[in-house]
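The next block holds one structure in the form of structure tokens; read it before the comments.
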Amino acid sequence: MSEPALMNDAELASFLAIEAGVMLVQLRERLALEGAPQWRIKDAGDVLSHDFLMEALSQHRPHDAVLSEEGAEDPRRRNAERVWIVDPLDGTNEYSEYGRHDWAVHIALWEQGHLTAGAVSLPALSAVFATDPAPQLPAQTRTRPRMITSRTRAPYAAMLVGEALNADAVRLGSAGAKTMAVILGEADIYLHDGGMYQWDSAAPAAVAAAAGLHVSRISGAPLVYNDSDPWLPDLLVCRQEWKEPVLNALWGDQWRMHEH
19 MSEPALMNDA
29 ELASFLAIEA
39 GVMLVQLRER
49 LALEGAPQWR
59 IKDAGDVLSH
69 DFLMEALSQH
79 RPHDAVLSEE
89 GAEDPRRRNA
99 ERVWIVDPLD
109 GTNEYSEYGR
119 HDWAVHIALW
129 EQGHLTAGAV
139 SLPALSAVFA
149 TDPAPQLPAQ
159 TRTRPRMITS
169 RTRAPYAAML
179 VGEALNADAV
189 RLGSAGAKTM
199 AVILGEADIY
209 LHDGGMYQWD
219 SAAPAAVAAA
229 AGLHVSRISG
239 APLVYNDSDP
249 WLPDLLVCRQ
259 EWKEPVLNAL
269 WGDQWRMHEH
């Protein structure tokens, strides 16, 4: 891979997601050997990855604004044409449980009203998924879909869809890990309606869209990032063949108003 200074935005996102992930894996192994409590592993991981990413983006994209889960509000971002939306460690609970792989590093670029670059690394699996080159979706022959949801709760919308489509349930942590499971063909639908933040879904949404998946709000409306309020109520990522069945299960024909 070329030097960061020579990389395009997608390459830089991938590079930084990989580098942060390597650092996080090494940190977790060291703290686990020391017998550190889970709260310390969570806090140390958040700080390490955030500090690294902020320094790197400041160096390689100094004129861009940044919205990070762990950072202070960047006053430039509301009027900036380019905003990096970063989750330095998505799935902190899973990260703190030694041996779990369902945690991620998210890096996305919101540019003039669109997600234009992004990467999600799953460091415990030594894997990274990016907008360029986009992942190739595997062929899928299941007639009964697999729907992936939170480890700790079953969203009401997911229960409706699961019953309507007779879906098998899969549970994982991290929005990034869940979305990458759909890209890998391990699941067909990821639906979340319990609320999340923009940094939870920006990079996964960018990569999923680049791979050809359907990505939207659960109403079918487009996802909009870099709002002043970082809260984002819901998310739907699914294979294109499941888009209409999912939205019909939730709304009947009402969702089609968002198509126009």
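Under the working numbering, the first residue of the sequence shown is numbered 19, with each subsequent residue one higher.
Idealized CB from N, CA, C, for every residue including glycine.
- Cα atoms of leucine 143 and histidine 119: separation of roughly 6 Å, rounded to the nearest angstrom.
- Approximately 6 Å separates the beta-carbon atoms of leucine 133 and alanine 220; this is inside 8 Å, confirming the contact.
- Closest option to glycine 213, judged by alpha-carbon separation, among Val43, Ile201, Arg235: Arg235.
- For tryptophan 269 and proline 153, the gap between their C-alpha atoms comes out near 30 Å.
- In the structure shown, glutamate 21 falls within a coil segment according to DSSP collapsed to helix, strand and coil.
- Counting along the chain, alanine 193 sits inside the alpha helix (DSSP H) bounded by residues 193-201.
- The residues Thr197, Val200, Tyr208, Ala226, Leu231, Val233, in chain order, have a CB closer than 6 Å to that of valine 255 in the same chain once the five nearest residues on each side in sequence are set aside.
- By the Cβ rule, the segment 31-51 counts as touching the segment 60-77, because three or more pairs are nearer than 8 Å.
- In this structure, arginine 162 and alanine 185 form a Cβ contact; the two beta carbons are roughly 7 Å apart against a cut-off of 8 Å.
- The beta carbons of arginine 189 and arginine 171 sit no closer together than 7 Å.
- The beta carbons of glycine 109 and glycine 191 sit closer together than 7 Å.
- Per DSSP, the continuous beta strand (DSSP E) segment holding tyrosine 208 begins and ends at 207-210.
- Contact check for aspartate 61 against glutamate 87 fails: the beta carbons are separated by 7 Å or more.
- Its Cα nearest to that of alanine 148, the residue Leu127 stands out among Leu265, Gln77, Asp245, Leu127.
- In terms of Cβ geometry, aspartate 218 and alanine 193 form a close pair [threshold 7 Å].
- Annotated three-state conformation of threonine 110 is helix, per DSSP.
- In the three-state DSSP reduction, isoleucine 125 falls in the strand class (E or B).
- About 5 Å separates the Cβ atoms of aspartate 206 and tryptophan 260, confirming a contact at the 8 Å cut-off.
- Taking the CA atoms as reference points, glycine 131 sits about 28 Å from leucine 202.
- Look at glycine 39 here: in three-state DSSP terms it is helix.
- Annotation for glycine 136: the continuous beta strand (DSSP E) segment containing it runs 132-140.
- When only Cα atoms are considered, valine 138 and glutamate 181 end up about 30 Å apart.
- A straight line joining the alpha-carbon of tyrosine 174 with that of arginine 48 spans about 39 Å.
- Excluding sequence positions up to five before and after alanine 224, its CB lies within less than 6 Å of the CB of Ala126, Leu133, Gly136, Thr149, all in the same chain and listed in chain order.
- Contact between alanine 74 and leucine 34 holds, with the beta-carbon distance rounding to 5 Å and staying under 8 Å.
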